[in-house]
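Take a look at the structure set out below.
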Amino acid sequence: MRLYTHMSSTTLSSSAADTALDETNDDQFNVVLRIRPLNGLELNRKDTFTVDLPGEGHVAIETNGSSRNFTFNAVFEPDASQEELFDNCGITRLVDMALSGYACTALAFGQTGSGKTHTMTGPPSQPSTPVFNGEFQEGKSPDLDMIGLIQRSFKYLFQQMKDVGESKVVRASYLEIYNEQVIDLLNPAHKRYLSVRWSKNKGFYVENLFTIECNSMDDLSAVLEEGELKCCIFK
């Protein structure tokens, strides 16, 4: 699974696979690689890893007796925890820059079963609305170790806003792009596909996209939960 991070100005990079991204690097795009463990089916087939990790963000893949080398801003091994990934992949830097007015993006990319959902929101059985105080909606017990990057970013966002003490307004939306069509997952009554527009002031934006003002982490997490539910329904 690859995690792309982008911002419109200075961002972060990494010179080593086991350290946090360097906040002084001027790269606008960074690619972080997370290698998942073998799953049950692969273990039953007695599959083995064909990946060598020499360090410094390098990856060597052995195929048919030959080796192909790749370099990433950071590489996380199969035993890396959700917390380790969050602390070192650069997401917190994106949140900091977003609070400073920059447009930032984190994109998880990989084939089916590569671990995108696990990384971003946690396992499918993990509730989507954590409050990080030992409680979940509907009385579900949280597994804090499994919480994904998105929920951890929510907590970090509101903590940073509290620490800085500045007045900020947080608004959230949730859309799905399927077959090159944009679907508003927070406003299912809107049956028509939405249009992507561009303006000098906004840049690219989705016209008529439903947006919700969120005053707390629970509000923001509820948006995630609602969008995830509608996404599953549409599929």
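Just so we're aligned: 32 in full-length UniProt numbering is position 32 of the sequence shown, and the numbers increase by one with no gaps anywhere. C-beta atoms are modelled at their ideal positions from N, C-alpha and C, and glycine is treated no differently.
Classify Val-223 as buried or exposed, calling it buried when 16 or more other Cβ atoms lie within 10 Å of its own Cβ.
The residue given as residue 223 occupies position 223 in the sequence shown. Under this definition Val-223 is a buried residue.
Who are the near neighbours of Phe-204 in its chain, counting only those whose CB is closer than 7 Å to its CB and skipping five residues on each side?
As a position in the sequence shown, residue 204 is number 204, starting the count at 1. Cβ neighbours of Phe-204 beyond the five flanking positions: Val-196, Trp-198.
Rounded C-alpha distance that separates Asp-87 from Glu-180:
As a position in the sequence shown, residue 87 is number 87, starting the count at 1. As a position in the sequence shown, residue 180 is number 180, starting the count at 1. Cα-Cα distance, rounded: 33 Å.
Buried or exposed by the 16-neighbour rule on C-beta atoms within 10 Å, applied to Lys-46:
Residue 46 sits at position 46 when you count from the first residue of the sequence shown. Exposed: under 16 other Cβ atoms inside 10 Å.
Pick from Glu-213, Asn-73, Ser-81: whose alpha carbon is nearest that of Phe-90?
One-based indexing of the sequence shown puts residue 90 at position 90. Rather than Phe, the amino acid found at residue 90 in this sequence is Gly. Cα-wise, what sits closest to Gly-90 is Asn-73.
Can you tell me which of Asn-30, Leu-94, Leu-85 puts its alpha carbon nearest to the alpha carbon of Thr-71?
If you number the sequence shown from 1, residue 71 lands on position 71. Nearest of Asn-30, Leu-94, Leu-85 to Thr-71, Cα basis: Asn-30.
Three-state secondary structure (DSSP) at Asp-143?
The residue given as residue 143 occupies position 143 in the sequence shown. Reduced to three states, the DSSP call for Asp-143 is coil.
Given this structure, state the Cα-to-Cα distance separating Glu-56 from Phe-76, to the nearest angstrom.
Translated into the one-based positions of the sequence shown, residue 56 becomes position 56. Translated into the one-based positions of the sequence shown, residue 76 becomes position 76. In a straight line, the C-alpha of Glu-56 is about 11 Å away from that of Phe-76.
Can you tell me the Cβ-Cβ gap for Cys-231 and Leu-186, rounded? I've got them flagged as a contact below 8 Å.
For the purposes of this step, residue 231 is taken as the residue at position 231 of the sequence shown. For the purposes of this step, residue 186 is taken as the residue at position 186 of the sequence shown. At roughly 11 Å, the Cβ-Cβ gap does not stay under 8 Å, so Cys-231 and Leu-186 are not in contact.
On the CB-based measure, 16 or more other CB atoms within 10 Å of its CB, does Gly-148 come out buried or exposed?
Sequence index remark: in the sequence shown, residue 148 carries index 148 (1-based). So Gly-148 ends up on the buried side.
Flag this pair as touching only if the stretch 161–177 and the stretch 201–220 have three or more C-beta atom pairs under 8 Å; answer yes or no.
yes
Once the 5 residues before and after Ser-81 are set aside, which same chain residues still bring their CB inside 7 Å of it?
Numbered from 1 along the sequence shown, position 81 holds the residue referred to as residue 81. So the list reads Asp-145, once near-sequence residues are dropped.
Three-state secondary structure (DSSP) of Thr-48
Position 48 of the sequence shown, counted from the start, is the residue given in the question as residue 48. If DSSP states are grouped into helix, strand and coil, Thr-48 belongs with coil.
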